[in-house]
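Just so you know, our numbering puts the end of the sequence shown at 92, numbered straight through with nothing missing.
Below is one structure, written out as structure tokens, with a few remarks after it.
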Amino acid sequence: MSGYDASEIALKWVTRLGVEFHPDTYGGDYEPPLSPADVDEYEDDMELLFSLCGGDQVDPYEVCLDAMRRAGLPVGGTEPPQRP
């Protein structure tokens, strides 16, 4: 995954999951279900996304909302829960 940035990771999953994408959702909880390999890839990507955002330096949720906007998807106005 080297060379990716947080916005590319978010756009990758927005493209695959659409408006259902949320970085706090466990990869195995999506419907229709992701394959076990996709769950592993998703979880690795979300860990990297949060790491690349550097804690408080960049808001990972805003990165994901921006990816949805770039993909032309509707963006709601609710505050997402915090990832543990």
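By construction, the Cβ of each residue, glycine as well, lies at the ideal position given by its N, Cα and C atoms.
In this text the structure is predicted, and so the values were computed from the model without any measurement.
- Look at Ala75 here: in three-state DSSP terms it is helix.
- Glu70 and Ser43 have their alpha carbons spaced roughly 27 Å apart.
- Using a Cβ distance threshold of 8 Å, Pro82 and Pro31 do not count as a contacting pair.
- For Glu51, the uninterrupted alpha helix (DSSP H) run begins and ends at 44 to 61, by DSSP.
- Taken through DSSP and simplified to helix, strand or coil, Asp67 comes out as coil.
- Burial check for Val22: the Cβ neighbour count within 10 Å reaches 16 or more, so the residue is buried.
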